[in-house]
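Worksheet for the structure shown next.
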Amino acid sequence: DAKTTQPNSMESNEEEPVHLPCNHSTISGTDYIHWYRQLPSQGPEYVIHGLTSNVNNRMASLAIAEDRKSSTLILHRATLRDAAVYYCILGGRGSTLGRLYFGRGTQLTVWP
Amino acid sequence: SQTIHQWPATLVQPVGSPLSLECTVEGTSNPNLYWYRQAAGRGLQLLFYSVGIGQISSEVPQNLSASRPQDRQFILSSKKLLLSDSGFYLCAWSVPLRTGGYEQYFGPGTRLTVT
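As they're listed, the protein sequences go chains A and B.
The first sequence begins at 117 in the numbering used here and counts up by one.
The second sequence begins at 81 in the numbering used here and counts up by one.
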């Protein structure tokens, strides 16, 4: 499984932007970059995913480096409800059958 | 819309006792199904996945087994629980995305404590 590296923890103030980095230097050409987050005592929830181009949705933006060896999840205005563990996960096309291999993720703390 | 159910929400079982956790999905057909475990303070570990009825693949050797008797039903079992089986068990299903990749939907989880 392609590995990802994330900082153990990050902090932000409420209503400020947050940039969560992820390194994936061994990414293959068919690996998608997925981001999930897990709130305390809940299952993970999908945030965003991309392949090569930057992506935006109502929750966040995903900026992917040109060489695809790193990516950044951007929360444009952090709220207290964004405090969670954020996971960056690589997943390939159909042959992986949607399996996700979670690392330790980044614990995001949001201060009021 | 799709919904995923897991029960029970919490469970306390003695060492050596059997286990059966059930997961059902509504609103979709032929989903890929997954069981994950999260030990205290650890990340999620994929235990089993299934692409169809009766088709189970194990990701790690362990004291647990899984079965899929119906299209939208996924069961996690053990004949004899160990202390190390304690954790937060999550069921999930996935759907391929139009833009490629997969999106997984997780259930509410079962918190198992083996005493």
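Ideal Cβ placement from N, Cα and C applies to all residues, glycine included.
Original post:
Which runs of the beta strand (DSSP E) spanning at least 3 residues fall entirely within the region 142 to 192 of chain B, listed in chain order?
Top reply: 145 to 150, 153 to 158, 167 to 176 and 182 to 186
**OP:** Compare the beta carbon distance of Ser130 of chain B and Ala146 of chain B with 8 Å and say whether it is the shorter of the two.
**Re:** yes
Original post:
Which bits of chain A does Leu170 of chain B rub up against, with CB to CB less than 7 Å?
Top reply: Gly159
**OP:** Please name the residue, chosen from B:Thr108, B:Ser81 and B:Leu113, that lies closest to Leu156 of chain B on a Cα-to-Cα basis.
**Re:** B:Leu113
Original post:
Who are the neighbours of Glu183 of chain B on chain A, taking C-beta pairs under 9 Å?
Top reply: His150, Tyr162, His165 and Gly214
Original post:
Would you say Phe186 of chain B reaches chain A, if we count a Cβ-Cβ gap shorter than 8 Å as a contact?
Top reply: yes
**OP:** Tell me, please, whether the region 191 to 207 of chain A touches the region 83 to 98 of chain B by the rule of three or more beta-carbon pairs shorter than 8 Å.
**Re:** no
**OP:** Report the partner residues of Val95 of chain B according to the DSSP bridge assignment.
**Re:** Paired residue(s): none; Val95 of chain B is not in a bridge.
Subject >> Closer than 8 Å to chain A by CB, Ser147 of chain B >> reply: no
Original post:
Which residues, in chain order, does the region 121 to 137 of chain B contribute to contact with chain A at a C-beta distance below 7 Å?
Top reply: Gly123, Leu124, Leu126, Tyr129 and Val131
Original post:
Based on Cα-Cα distance, which residue from A:Asn170, A:Lys185, A:Ser125 and A:Lys119 lies nearest to Gln223 of chain A?
Top reply: A:Ser125
**OP:** Can you tell me the Cβ-Cβ gap for Pro133 of chain A and Tyr203 of chain A, rounded? I've got them flagged as a contact below 8 Å.
**Re:** The Cβ separation is near 20 Å, so there is no contact.
**OP:** Return helix, strand or coil for Leu167 of chain A, following the three-state DSSP convention.
**Re:** coil
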